[in-house]
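Enquirer: Next up is a structure, given as structure tokens.
Residue numbers (this note's numbering): 24 to 637.
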């Protein structure tokens, strides 16, 4: 069972190659997406530039929302000599940690199934490849593996730790239990204490379903393991507290962990069934097969529980259900709910989907009726997605393009039609659905062949879509940022008003003062230019030898039309899409700010604590 043949090795190479294509093809071809990825990328690059590898800093402000592993990995890539020459947009370096962690997890998923094929498995190599692709082709994995945030890194490290835990449970080797807890320590450094909570919750549910807490305790050693994981992760938290004090505790633990879990933050209020919907979307178009796997697994748990008849080596399905269930319960109870919170459950869902083919043939060597129903539902899902892609080509007035209402992408509908993205995507999905239909007449059709066209769908439709969105949303900001740097006078500060885009700080590599569009924000900007202090930048009173008589402002069209901003009498330098570059006299800015204070009895608000400030 544990031998690794040449054909197994070829299957593993195929999985790794498919992962490299899916996760790295065109990874740096488009710019960063506002707003969160730009903050991560700026903090990671700052570590490389400043040599401060302890405190993440973005836009001159310590960034305490996530632990440092994601920033360390980004910073290492930014530190490669001549990085800007082969990564001119800086996005490959920022997205690399997400892509490599997903690739590593995808490969280990396949390798685990190759080494430990589950019972009733007629083709272990195909099951391994199907499982790996079920993970990689999840719509959520497609998106977050190409996004410069820490969610994919958490998914990768946590998923790898879970697989190592199960492997140790199945076949413990001397000190093999240590490795899973070392990786869990890295997972804590990727996202925080949520990793260890999910791990312990998953092991508890698995011990309950498997009715085998004793073997878990003896081979996985959770007490010692927690000490190892904390020993790896805690030094950074302790050092950061010594350096930054209560502000670090208040921001990281108080706001970004405790408050996010116990209350609703940033209006991310969702219903109790939110993660039911997320589980459906994240496994498309194979969600019906996931449901079938959960049904089969539940029956296996019911049969096994009283007498403990399931061998450890055949317990991967039960383990995956425990894993998925822990993520579902934990985040359903959370006050703040985001789609990305479901990512750690997707590897478990992929394993469950991969095991479903083992239930295709029943004892009479006939296709299972339930399997056929789920197979046809998967075909229906993929056909409907293909229909959505192709509808704008034939009947534009009835398509989803009419729902696009974004002033930064006014021409996106026409560009989508002319680019061929919709046509290519729809054809790939139609081909996949035809393969699924052909399965009724050919026993050689299987889930793997069904997945191949979806790989091309990712490469020919989803990846180019990133580029098209980049042209509309980020290219004007890159051009404006370049113009600002070339036009900036000595000691002249830079501000962005109205729509706030953290990528402007990343593109300019200068501190940007962000303000909203109300008249209070004029007061804020005036005061900040005079007295605010940030790491690498500080405001100066006008007339000082380090100050400037003007400020460059990047402002969107809608905000520029507001009467209180027109009072600044700006000099318009240039327009980029919906953005204008202004040069504003600081004396005039101060004059208007004082006027608003007196006439409307307004006070500045910029000194108030804001954990989301940037």
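Idealized CB from N, CA, C, for every residue including glycine.
Mind checking who residue 134 pairs with in its DSSP beta bridge?
Expert: Beta-bridge pairing links residue 134 to no other residue.
Enquirer: Out of 509, 554, 88, point me to the one whose CA is closest to residue 596's CA.
Expert: When only C-alpha atoms are compared, the closest one is 509.
Enquirer: At the level of alpha carbons, what is the spacing between residue 482 and residue 50?
Expert: Distance between the alpha carbons of residue 482 and residue 50 is about 11 Å.
Enquirer: Under 8 Å Cβ to Cβ from residue 224, same chain only, skipping five residues before and after it: list those, please.
Expert: So the list reads 349, 352, 353, once near-sequence residues are dropped.
Enquirer: Could you give the C-beta distance for residue 512 and residue 573, rounded to a whole number, given that I count them as a contact under 8 Å?
Expert: So it is a contact: roughly 7 Å between Cβ atoms.
Enquirer: Which same chain residues end up closer than 6 Å to residue 76 when comparing Cβ atoms and leaving out the 5 residues on each side of it in sequence?
Expert: Answer for residue 76: 70, listed in chain order.
Enquirer: Roughly how many whole angstroms lie between the Cα atoms of residue 576 and residue 519?
Expert: Looking at the two C-alpha atoms, the distance is approximately 5 Å.
Enquirer: Can you give the Cα-Cα distance for residue 116 and residue 245, rounded to whole angstroms?
Expert: Cα to Cα, the separation comes out at about 35 Å.
Enquirer: Label residue 190 either buried or exposed according to how many other C-beta atoms from any shown protein chain fall within 10 Å of its C-beta, with 16 as the threshold for buried.
Expert: Looking at its Cβ environment, which holds 16 or more other Cβ atoms inside 10 Å, residue 190 is buried.
Enquirer: When burial is assigned at 16 or more other CB atoms within 10 Å of the CB, is residue 613 buried or exposed?
Expert: It counts as buried.
Enquirer: Taking the DSSP output, what are the residues bridged to residue 84?
Expert: For residue 84, which the question treats as bridged, DSSP gives the partners 81.
Enquirer: Would you identify the three-state DSSP class for residue 385, choosing helix, strand or coil?
Expert: No answer about residue 385 holds up, because its pLDDT of 46 lies below 50 and its placement is not dependable.
Enquirer: Take residue 448 as the anchor and find which of 411, 328, 462 has the nearest alpha-carbon.
Expert: Checked all of 411, 328, 462; the closest Cα to residue 448 is 411.
Enquirer: Is it the case that the segment 191–198 contacts the segment 141–151, given that we only count it when at least three CB pairs across the two stretches are under 8 Å?
Expert: The segment 141–151, when compared against the segment 191–198, does not touch it at the 8 Å Cβ threshold.
Enquirer: Would you mind working out which of 470, 148, 545 sits nearest residue 130, comparing C-alpha positions?
Expert: Measuring from the Cα of residue 130, the nearest candidate turns out to be 148.
Enquirer: Using the rule of at least 16 other Cβ atoms within 10 Å of the residue's Cβ for burial, across every protein chain shown, is residue 341 buried or exposed?
Expert: Under this definition residue 341 is a buried residue.
Enquirer: Enumerated in chain order, which unbroken segments of the alpha helix (DSSP H) with a length of 4 residues or greater are wholly contained in the segment 114–177?
Expert: Taking only runs of at least 4 residues, the alpha helix (DSSP H) segments lying wholly in the segment 114–177 are 114–138, 147–159, 162–167.
Enquirer: Tell me the DSSP bridge mates of residue 556?
Expert: Paired residue(s): 561.
Enquirer: Assuming residue 207 and residue 184 are in contact, meaning their beta carbons sit under 8 Å apart, how far apart are those beta carbons, in whole angstroms?
Expert: 4 Å between Cβ atoms; contact.
Enquirer: Sort out for me which residues DSSP pairs residue 512 with in a bridge.
Expert: According to DSSP, residue 512 bridges with nothing at all.
Enquirer: Residue 13 to residue 616, Cα distance in whole Å?
Expert: Here the chain has residues from 24 to 637 only, and residue 13 is not among them.
Enquirer: Among the residues of its own chain, which have a CB less than 6 Å from the CB of residue 549, if the five just before and after it don't count?
Expert: Correct list, in chain order: 612, 613, 616.
Enquirer: Quickly, what does DSSP pair residue 605 with across the bridge? List them, please.
Expert: For residue 605, which the question treats as bridged, DSSP gives the partners 576, 595.
Enquirer: Return the residue from the list 128, 355, 170 that minimises the CA-CA distance to residue 151.
Expert: That would be 128, whose Cα lies nearest to the Cα of residue 151.
Enquirer: Could you pull the start and end residues of the beta strand (DSSP E) that residue 637 belongs to?
Expert: No beta strand (DSSP E) contains residue 637, which DSSP labels as neither H nor E.
Enquirer: When DSSP labels each residue in this structure, what does residue 58 get in the three-state scheme?
Expert: Looking at residue 58 - three-state DSSP - the assignment turns out to be coil, as it is neither helix nor strand.
Enquirer: Classify residue 536 as helix, strand or coil using the three-state DSSP reduction.
Expert: It is a strand residue.
Enquirer: Where does the unbroken alpha helix (DSSP H) through residue 29 begin, and where does it stop?
Expert: Here the alpha helix (DSSP H) through residue 29 covers 29–47.
Enquirer: Considering only C-alpha positions, which residue in the set 469, 274, 221, 415 is nearest to residue 356?
Expert: Selected option, being the one with the closest Cα: 221.
Enquirer: Let me check you understand the geometry: is the CB of residue 60 closer than 8 Å to at least one non-hydrogen atom of the ligand COA?
Expert: This structure lacks the ligand COA; in fact it carries no ligand of any kind.
Enquirer: Go through its chain and collect everything with a Cβ distance to residue 618's Cβ below 7 Å, but skip five positions before and after it.
Expert: Same-chain partners within the cutoff: there are none.
Enquirer: Could you tell me which residues DSSP pairs with residue 520 in its beta bridges?
Expert: DSSP lists 538, 578 as partners of residue 520.
Enquirer: Check residue 415 in the structure and name its three-state DSSP category.
Expert: Of the three classes helix, strand and coil, the one that applies to residue 415 here is helix, per DSSP.
Enquirer: Cutting at 6 Å between CB atoms, please list the residues of its own chain near residue 521, excluding the five before and the five after it.
Expert: The answer, listed in chain order, is 540, 578, 579, 582.
Enquirer: Would you check if the segment 432–451 and the segment 485–498 touch, i.e. whether three or more CB-CB distances between them fall below 8 Å?
Expert: At 8 Å Cβ cutoff, the stretches touch.
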